[in-house]
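Working notes, beginning with the structure itself.
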Amino acid sequence: MQQQPNKLRPFFENLNFERDDNTMVINFGPQHPSAHGQLRLVLELDGEQVVKAYPDIGYLHRGVEKMAENMIYNEFLPTTDRLDYIASTANNYAFALAVERLIGLEVPRRAQVIRTMLLELNRIISHLFFLATHALDVGAMSIFLYAFREREYAMDLMEEYCGARLTHSAVRIGGVPLDLPPGWLTKLTQYIDKLPDQIKLYEDLLTENRIWRMRLENVGVVTPEQALSWGCTGIMLRGSGIAYDIRKEEPYELYGELDFDIPVSDRCDSYGRYRLYMEEMKQSIRILRQLIGMYADTEPQLMAHAPQYISAPKEEIMTQNYALMQHFVLVTQGMRPPKGTVYVPTESPKGELGFYIKSEGEPYAYRLKIRAPSFFHTGILQDILPGCYIPDVVTIIGSTNIVFGEVDR
Amino acid sequence: MRKYTPKDNVQAKAKYTDRFWVAPQVPREPVEEEHFAASLDAVKKEVTVHDAYMERGQLVIHISPEDNIATLRILKDSCGYAMCSELSAVDYLARDGEFEIFYQLLNLNEAKRIRVVTRIKEDQAIESIVPLYDMAKFAEREMYDMFGIRVNNHPYLKRIIMPDDWEGHPLRKTYPLQGDEFAAWYEVDKIFGKEYRDVIGPELRDPARIDRYDTQRFARIGHEVPFGADPSLVDETETPIEYSSAPLSDYNKGPHKVLDKRK
Numbered sequence: 531m532q533q534q535p536n537k538l539r540p541f542f543e544n545l546n547f548e549r550d551d552n553t554m555v556i557n558f559g560p561q562h563p564s565a566h567g568q569l570r571l572v573l574e575l576d577g578e579q580v581v582k583a584y585p586d587i588g589y590l591h592r593g594v595e596k597m598a599e600n601m602i603y604n605e606f607l608p609t610t611d612r613l614d615y616i617a618s619t620a621n622n623y624a625f626a627l628a629v630e631r632l633i634g635l636e637v638p639r640r641a642q643v644i645r646t647m648l649l650e651l652n653r654i655i656s657h658l659f660f661l662a663t664h665a666l667d668v669g670a671m672s673i674f675l676y677a678f679r680e681r682e683y684a685m686d687l688m689e690e691y692c693g694a695r696l697t698h699s700a701v702r703i704g705g706v707p708l709d710l711p712p713g714w715l716t717k718l719t720q721y722i723d724k725l726p727d728q729i730k731l732y733e734d735l736l737t738e739n740r741i742w743r744m745r746l747e748n749v750g751v752v753t754p755e756q757a758l759s760w761g762c763t764g765i766m767l768r769g770s771g772i773a774y775d776i777r778k779e780e781p782y783e784l785y786g787e788l789d790f791d792i793p794v795s796d797r798c799d800s801y802g803r804y805r806l807y808m809e810e811m812k813q814s815i816r817i818l819r820q821l822i823g824m825y826a827d828t829e830p831q832l833m834a835h836a837p838q839y840i841s842a843p844k845e846e847i848m849t850q851n852y853a854l855m856q857h858f859v860l861v862t863q864g865m866r867p868p869k870g871t872v873y874v875p876t877e878s879p880k881g882e883l884g885f886y887i888k889s890e891g892e893p894y895a896y897r898l899k900i901r902a903p904s905f906f907h908t909g910i911l912q913d914i915l916p917g918c919y920i921p922d923v924v925t926i927i928g929s930t931n932i933v934f935g936e937v938d939r
Numbered sequence: 474m475r476k477y478t479p480k481d482n483v484q485a486k487a488k489y490t491d492r493f494w495v496a497p498q499v500p501r502e503p504v505e506e507e508h509f510a511a512s513l514d515a516v517k518k519e520v521t522v523h524d525a526y527m528e529r530g531q532l533v534i535h536i537s538p539e540d541n542i543a544t545l546r547i548l549k550d551s552c553g554y555a556m557c558s559e560l561s562a563v564d565y566l567a568r569d570g571e572f573e574i575f576y577q578l579l580n581l582n583e584a585k586r587i588r589v590v591t592r593i594k595e596d597q598a599i600e601s602i603v604p605l606y607d608m609a610k611f612a613e614r615e616m617y618d619m620f621g622i623r624v625n626n627h628p629y630l631k632r633i634i635m636p637d638d639w640e641g642h643p644l645r646k647t648y649p650l651q652g653d654e655f656a657a658w659y660e661v662d663k664i665f666g667k668e669y670r671d672v673i674g675p676e677l678r679d680p681a682r683i684d685r686y687d688t689q690r691f692a693r694i695g696h697e698v699p700f701g702a703d704p705s706l707v708d709e710t711e712t713p714i715e716y717s718s719a720p721l722s723d724y725n726k727g728p729h730k731v732l733d734k735r736k
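Structural data, given as structure tokens:
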């Protein structure tokens with residue numbers, strides 16, 4: 531029996547799977563290998579053409595924002611790993627930076643160098659993952675293997691630094707916990723020396739590939755107006771011809787001192803976005819090269835000195851009574867940032883990852899809102915999917931590069 | 474008698490606060506920067522601004538809830554705030570009986586950010602900003618889902634993250650972290666019906682729990698039974714534990730490694 535349309539349930543959203551006309555309604559997901567997670571996409575089809583699309587999310591909802599209200603700030607940091615689990619350092623860093631800006635904390639130079647290195651290495655990891663899965667969705671199986679091989683080497687570097695491959699928690703509020711292990715920079719140099727050849731291999735295989743171009747060109751067109759209105763950021767925005775990168779426009783960490791370019795494409799389609807991902811990896815390599823040179827002339831201090839908020843270094847805790855007392859209070863009760871609100875945007879591999887933190891001067895955040903780029907990139911699917919064909923749906927989802935850890939939070 | 478705990482905010486609280494503790498405040502600076510001052514003047518011409526200040530480099534404007542669409546329209550059309558990066562609410566029901574709603578705007582040409590803040594009562598609705606920013610199609614749904622704030626003239630106001638038939642709004646301060654009774658029985662009620670609550674029993678959240686009658690996942694020393702055997706059919710006679718009488722190995726015998734003398 532068909533439900534009568536009313537204000538809260540408009541007629542077009544009534545999902546009627548058995549229809550008399552030529553149209554059909556299908557569920558794409560929530561378990562679909564090309565949905566990149568738990569995305570349920572309700573598609574109304576006319577033949578093979580999509581007439582209406584309705585993204586249904588929430589299958590990976592874990593209440594991260596609720597958990598943030600019930601955890602002290604340092605306790606919450608490992609939870610941020612689970613947002614965008616492809617690039618967890620970007621989440622850790624965005625959260626740490628938001629708390630630091632709330633407190634008004636300056637991070638030591640060496641920690642800044644290490645953090646920026648980790649962020650850029652993570653960007654490479656994330657972009658390689660994008661390339662691998664996107665190409666696999668579209669049908670290029672070999673790229674998946676090549677890209678995952680390079681990603682493994684990058685993850686080995688991350689593992690050597692922090693011990694984890696996916697959930698790094700390598701950035702702390704106030705700095706980083708560890709210095710780079712001996713020989714790490716040499717390995718990083720070796721890695722980024724080899725990577726350009728690999729990127730060239732991917733480009734040789736894909737960029738002029740007839741099938742790849744047929745599948746990507748003029749598919750998933752996001753006009754600049756749509757991109758702005760939908761709050762698209764990162765490559766979704768730059769792929770539509772709007773040059774805005776938070777690293778360049780609102781520099782944080784060391785990005786103000788580094789020399790790098792922001793690639794922009796005015797093609798507005800999936801192919802343009804693919805080219806941007808490749809170009810961004812090359813820019814990340816450029817940034818990493820500069821950072822390796824910067825590391826040598828930094829002081830060895832790794833955590834900011836702010837006894838009210840940040841525990842003293844281990845040596846001090848073990849030798850000085852007052853440092854131990856402060857450490858005890860900070861671990862058992864947590865730091866109390868000042869009353870106030872901050873919204874801190876950062877450029878994660880997916881786009882603008884922002885943390886809105888409202889503090890009431892207590893050890894628990896009063897409200898923590900995570901502005902996840904993928905959330906809005908999922909939303910725009912309902913506007914860009916109508917009109918395209920079923921195989922393009924897979925391309926478009928891959929091209930938006932959404933990760934459900936941060937869509938559902 | 475049980476100790477009284479407030480029900481209007483059940484989130485975690487500091488266990489101990491020094492009685493002389495006064496929380497410092499993030500500095501609020503006057504609006505002096507040229508671009509922000511111009512934007513603020515443009516807004517002030519059209520709507521009442523209750524408060525405006527700079528907080529950590531971003532302009533914060535407090536307005537009345539009726540003026541939200543007018544304010545955002547001015548900022549979008551005449552001040553260049555083409556993108557709304559985020560929109561959500563903060564629950565102040567326990568303290569003030571109000572929600573605080575914020576709109577985080579971005580000007581891409583100047584790389585400037587403004588936060589427009591407004592407050593509404595619990596039973597009040599807010600006007601949708603979908604005509605200005607498409608991102609509100611999703612963001613306002615999330616706000617409705619998480620706080621139960623009604624949004625007028627939204628094209629499709631429906632829960633987005635929680636299931637459609639969910640009761641309660643999870644990000645309210647009255648909603649406990651572990652979920653309420655409805656949340657605990659949601660799947661059971663939906664799949665089997667309420668009468669099956671007794672049959673299935675509550676979810677056991679204790680990871681260290683041991684069920685001695687579960688013969689699939691637990692073994693009891695001295696009561697060994699076949700895997701998955703029906704515990705009622707297994708006799709309760711105890712198997713005595715036997716140890717071999719032969720000594721395992723004597724570590725005191727044999728040549729010892731002598732540590733080098735400290736030089």
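Protein chains in written order, with our numbering: chain A, 531 to 939; chain S, 474 to 736. Here a beta-carbon is modelled for each residue, glycine too, at the ideal position from N, C-alpha and C. From a predicted model like this one, the values you see are computed outputs, not experimental measurements.
Apart from the 5 residues on each side of it in sequence, residue 511 of chain S sits with its Cβ closer than 8 Å to the Cβ of 552 in its chain, given in chain order. The beta carbon of residue 731 of chain A sits closer than 7 Å to those of 676, all from its chain and outside the five residues before and after it, given in chain order. For residue 582 of chain A, the beta-bridge partners assigned by DSSP are A:574. Contact between the region 560 to 575 of chain S and the region 506 to 525 of chain S is absent: fewer than three C-beta pairs spanning the two stretches fall below 8 Å.
Beta bridge pairing from DSSP links residue 608 of chain S with no other residue. The C-beta separation of residue 646 of chain S from residue 598 of chain S comes to about 20 Å, leaving the pair out of contact by the 8 Å criterion.
Along the region 712 to 749 of chain A, the alpha helix (DSSP H) occurs as fully enclosed runs of 4 or more residues at 714 to 736, 740 to 746, listed in sequence order. By a beta-carbon distance limit of 8 Å, residue 554 of chain S contacts residue 580 of chain S. Their separation comes to about 5 Å. With the rule of 3 Cβ pairs closer than 8 Å, the region 779 to 787 of chain A does not count as touching the region 747 to 766 of chain A. Excluding its 5 nearest sequence neighbours in each direction, residue 867 of chain A has C-beta neighbours in its own chain below 6 Å: 632, 633, 889, listed in chain order. Secondary structure at residue 564 of chain A: helix, using DSSP grouped into helix, strand and coil.
In chain order, 499, 528, 529, 531 make up the part of chain S whose C-beta sits under 9 Å from the C-beta of residue 872 of chain A. Excluding its 5 nearest sequence neighbours in each direction, residue 837 of chain A has C-beta neighbours in its own chain below 6 Å: 856, listed in chain order.
The Cβ atoms of residue 569 of chain A and residue 587 of chain A sit closer than 8 Å to each other.
Taking 8 Å as the CB threshold, residue 633 of chain S lines the interface with chain A. Residue contact check for residue 841 of chain A against chain S: no CB pair falls below 8 Å.
Using a Cβ-Cβ distance cut-off of 8 Å, the region 651 to 658 of chain A and the region 908 to 920 of chain A are not in contact, since fewer than three pairs of beta carbons, one from each stretch, lie closer than that value. Closest by C-alpha distance to residue 798 of chain A, out of A:873, A:772, A:621, is A:772.
Looking at the backbone, the Cα of residue 680 of chain A and that of residue 691 of chain A are separated by about 17 Å. As the crow flies, the alpha-carbon of residue 626 of chain A is around 48 Å from that of residue 668 of chain S. Judged by their CB atoms, residue 881 of chain A and residue 764 of chain A are nearer to each other than the 8 Å cut-off.
Annotation: Cβ neighbours of residue 759 of chain A in chain S (cutoff 9 Å, chain order): 555, 556, 557, 605, 606, 607, 608. Taking 8 Å as the cut-off, the Cβ atoms of residue 598 of chain A and residue 872 of chain A do not count as close.
Look at the beta carbons and you see the region 709 to 722 of chain A not touching the region 882 to 902 of chain A: under three pairs across the two are nearer than 8 Å. In the three-state reduction of the DSSP assignment, residue 602 of chain S falls in the coil class. Contact check for residue 640 of chain S and residue 620 of chain S: beta-carbon distance about 14 Å, past the 8 Å limit, so the pair fails to qualify. Taking 3 residues as the shortest admissible run, the region 819 to 880 of chain A contains the following complete beta strand (DSSP E) segments, listed from N- to C-terminal end: 870 to 878. Judged by DSSP in its simplified three-state form, residue 723 of chain S adopts coil rather than helix or strand.
Bounds of the beta strand (DSSP E) holding residue 576 of chain S are 571 to 580.
Under the three-state reduction of DSSP output, residue 592 of chain S falls in the strand class. Excluding residues up to 5 positions away in sequence, 657, 660, 661, 765 lie with their Cβ nearer than 7 Å to the Cβ of residue 807 of chain A in the same chain. In the DSSP assignment, residue 562 of chain S falls within the unbroken beta strand (DSSP E) covering 556 to 565.
At a cut-off of 8 Å between C-beta atoms, residue 562 of chain A does not count as an interface residue with respect to chain S. Cβ proximity to chain A below 9 Å picks out 643, 644, 646, 648, 650 from the region 637 to 651 of chain S.
Cβ contact annotation for residue 726 of chain A (same chain, cutoff 6 Å, sequence separation greater than five): none. Here residue 884 of chain A carries a strand assignment [DSSP, helix/strand/coil].
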